[in-house]
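Q:
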Amino acid sequence: MGIRLSDERYEEIKQIVVRMYEEYDISCVPINGFEIASKMDIKVIPYSAYPEATQRLLLKKSNDGFCLQLDTGEWYIYYNDKKGYGRINNTIMHEIGHVVLDHTEDSELAEKEVSFLPSLHLHRRCSFIS
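With this note's numbering applied, the sequence shown covers 38 to 167.
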């Protein structure tokens, strides 16, 4: 059956997203993942920035992309730049979701929480942004 988030957690996630939009001056959606990552000082790196052998390793980790935090606290998002722009933007926003929701490890719960975010990021009306 899988994990189901409580209504309270959905509301909490919505508020986290609204605070993120306010903090980084995002006034309308859909938003550009590269732009918000830049505003958040997250380094965004395409797989193609690495030699072929390294690219194969990155693809083994994820066909789309992933994020990681260094011991210094810096965040990095690595993404497969052979995908289309829409998929890349969604991947970057997905990974930003892990950052803003303070996910520190891969889990079914983390994926469930972050899978809710695209409905907020790609929503065309700005009514929930004050």
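No residue lacks a Cβ here, since even glycine has one placed at the ideal position from N, Cα and C. Nothing here was measured: the structure is a model prediction, and the numbers come from that model.
Please classify residue 104 as buried or exposed, where buried requires at least 16 neighbouring CB atoms within 10 angstroms.
A: buried
Q: Between which two residues does the beta strand (DSSP E) containing residue 76 stretch?
A: Run containing residue 76: none in the beta strand (DSSP E); it sits in the alpha helix (DSSP H), 70-76.
Q: Is residue 89 buried or exposed, if buried means 16 or more other CB atoms sit within 10 Å of its CB?
A: exposed
Q: For residue 97, does the three-state DSSP call read helix, strand or coil?
A: Assigned with DSSP and collapsed to three states, residue 97 falls in helix.
Q: Would you kindly check if the distance between the Cβ of residue 87 and the Cβ of residue 96 is under 8 Å?
A: No, these two residues do not count as a Cβ contact at 8 Å.
Q: What residues in its chain sit with their C-beta under 6 Å from that of residue 101, if we drop five residues either side in the sequence?
A: Taking C-beta separations shorter than 6 Å and ignoring five residues to either side along the sequence, the partners of residue 101 in its chain run 117 and 128, following chain order.
Q: The beta strand (DSSP E) spanning residue 129 covers which residue range?
A: No beta strand (DSSP E) contains residue 129, which is instead part of the alpha helix (DSSP H) from 122-137.
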